[in-house]
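Please read the structure below before turning to the comments.
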Amino acid sequence: MFHFKKRSLIGAALVLSMLGTAATAADWRGWNIHVEGYPNTVAMDKFAELLSEKTNGEITLQMFHGGTLGSQPDAIEQVRLGALEIGNFNLGPIGPIAAEANVVSLPFIFKDVPHMFRVLNGEGGAMIAEGMAAKGLVPLAWYDAGARSFYNGTKPINTPDDVSGMKVRVMNNDLYSGMISELGGNPSPMAFAEVYQSLKTGVVDGAENNWPSYESTGHYEVAGYYSLSQHLIIPECVCINADAYNALSDEMKAAVKEAAMESAALQQELWAARESSSREMVEKAGVVTNVIDDKGPFQEAMVPVYEAYLSANPDLRPLVELIQATE
Ligand code: GTR
52 MFHFKKRSLI GAALVLSMLG TAATAADWRG WNIHVEGYPN TVAMDKFAEL LSEKTNGEIT
112 LQMFHGGTLG SQPDAIEQVR LGALEIGNFN LGPIGPIAAE ANVVSLPFIF KDVPHMFRVL
172 NGEGGAMIAE GMAAKGLVPL AWYDAGARSF YNGTKPINTP DDVSGMKVRV MNNDLYSGMI
232 SELGGNPSPM AFAEVYQSLK TGVVDGAENN WPSYESTGHY EVAGYYSLSQ HLIIPECVCI
292 NADAYNALSD EMKAAVKEAA MESAALQQEL WAARESSSRE MVEKAGVVTN VIDDKGPFQE
352 AMVPVYEAYL SANPDLRPLV ELIQATE
């Protein structure tokens, strides 16, 4: 009898401890827009693997690639609301939500990718991260997305005049629409998944993106002139829903952050290789690339875009100046 009682007590304790585990364990879901084999896809899978390793299985993450859970603006909302916990987001479509993050969408604000990372790893990055966290998105680590350049199906672009009259797809962000308008073109904000068909059927004449996305989406097949304007250098984040993150113990937070940072190191390494291999691949397929000798006229045309941003966010002038003053 005594034995039986003792056993049932042990049994109850076991059940309780299992319940305890169930209450703290988390099964997260994550969004990514890219296809298999893309640097971000590989790195987000690595993040999921590291996450369960570093949290001893307390946190698991199921990644949904290829944008299967919706468009990027929708997924950003889902992570903000907690319907999803994790997303690999481009800061472009985050800009309309968090003004600090929108600073990276000012054309030509970064000199090059290393400059962008110097800013992100300093005070500027902290301000951007804080602005995002206040809107429900905590960036755990930064991914590289290279530089974006214009492409279209009719001619090389060398001057703003060449953009004049062109219908150009942009991501959802008024700064990008302003950018195209200031060059004399017609901006067409559109989801990433719709761009291929729109280029093919002439709904738009051109678009803009980095080498790996230009290649992985097949846009190069339907828009074979790639002009190295490099007008936008936009970072990406491994972002987490703020409530999910804030509910974690310090130890767990550190493990999650570490997993994201390690995945970012892998992403950046894979990115460098993919930028060259994508360029090589599309050029072999017949893409005509041109260097733009003088980017000055493009940069000068962006003055009203900066003015619009600063007049809507006068308190962010120091952030813009900080970035511009960062060596
Ligand atoms: C890619 C980026 C995606 C998405 C896409 C787009 O370079 O990695 O997150 O922003 O561009 O143009 O919509």
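With the first letter of the sequence shown counted as 1, position 9 gets the number 60 in the numbering used here; the numbers rise by one all the way through. The C-beta atom is built at its ideal place from N, Cα and C for all residues, glycine as well.
* Expressed to the nearest angstrom, what Euclidean distance is found between the alpha-carbon atoms of Ala293 and Ala274? -> 39 Å
* **Neighbourhood of Val339 by C-beta, 8 Å cutoff - its chain only, sequence neighbours within 5 removed** => Pro207, Gly275, Tyr276, Tyr277
* Asked: What's the C-alpha gap between Gly117 and Val86?
  -> 5 Å
* Asked: Cβ atoms of Pro263 and Arg325: under 8 Å apart, would you say?
  -> yes
* Tell me which same chain residues have a C-beta within less than 6 Å of the C-beta of Val189, skipping the five on either side of it? -> Ile291, Ala293, Tyr296
* **Pairwise C-alpha distance: Tyr357 and Gly143** => 15 Å
* **Secondary structure of Ser264, DSSP reduced to three states** => helix
* Asked: Anyone know if the C-beta pair for Trp79 and Ile127 falls short of 8 Å?
  -> no
* Using only the heavy atoms of the ligand GTR, determine whether one of them is closer than 7 Å to the beta carbon of Met222. => yes
* If you drop the 5 nearest sequence neighbours on each side, which residues of the same chain put their C-beta closer than 8 Å to that of Gly108? -> Ala76
* I think Ala152 touches Gly182, with their Cβ atoms under 8 Å apart; what is that distance to the nearest whole Å? -> 6 Å
* How about Ala352 and Leu234: do their beta carbons lie closer than 8 Å? -> yes
* CB contact flag (Ser239, Val214, <8 Å) -> no
* Asked: Is the distance from the Cβ of Ala196 to the Cβ of Asn261 below 8 Å?
  -> yes
* To do: Please go through the same chain and pick out, in chain order, the residues whose beta-carbon is closer than 6 Å to the beta-carbon of Met178, but skip the five residues on each side of it.
  => Glu151, Leu370
* To do: Report the partner residues of Glu358 according to the DSSP bridge assignment.
  => DSSP output for Glu358 lists no bridge partner at all.
* Could you name the residues that DSSP lists as bridge partners for Asn141? => Glu287
* Asked: So, do the segment 299-311 and the segment 94-104 have three or more beta carbon pairs nearer to each other than 8 Å?
  -> yes
* To do: Since I believe Leu157 is in contact with Trp193 (beta carbons under 8 Å), could you give me their beta-carbon distance rounded to a whole number of angstroms?
  => Going by Cβ atoms, the distance from Trp193 to Leu157 rounds to 17 Å, so no, they are not a contact pair.
* Asked: Pro240 by DSSP, collapsed to three states: which one?
  -> strand
* Tell me whether Met217 sits in a helix, a strand or coil according to DSSP, three-state version. => coil
* To do: Give me the Cα-Cα distance between Thr210 and Ile137, rounded to the nearest whole angstrom.
  => 40 Å
* Rounded distance between the beta-carbons of Gly175 and Ile374, thought under 8 Å -> 5 Å
* **Nearest-angstrom beta carbon gap, Leu279 and Gly204 [assumed within contact, 8 Å]** => 17 Å between Cβ atoms; not a contact.
* In the DSSP assignment, what residue or residues form a beta bridge with Gln113? -> Arg80
* Where does Gly347 sit, in a helix, a strand or coil, going by DSSP? -> helix
* Which listed residue (Leu226, Gln123, Gln129, Leu321) has its alpha carbon closest to that of Asn141 -> Gln123
* Asked: Just how far apart, CA to CA, sit Ser228 and Asn364?
  -> 18 Å
* Asked: Where are the alpha helix (DSSP H) runs, 4 residues long or more, that stay fully inside the segment 164-206, in chain order?
  -> 164-171, 174-184
* Asked: Is any heavy atom of the ligand GTR found at a distance shorter than 7 Å from the C-beta of Ala185?
  -> no
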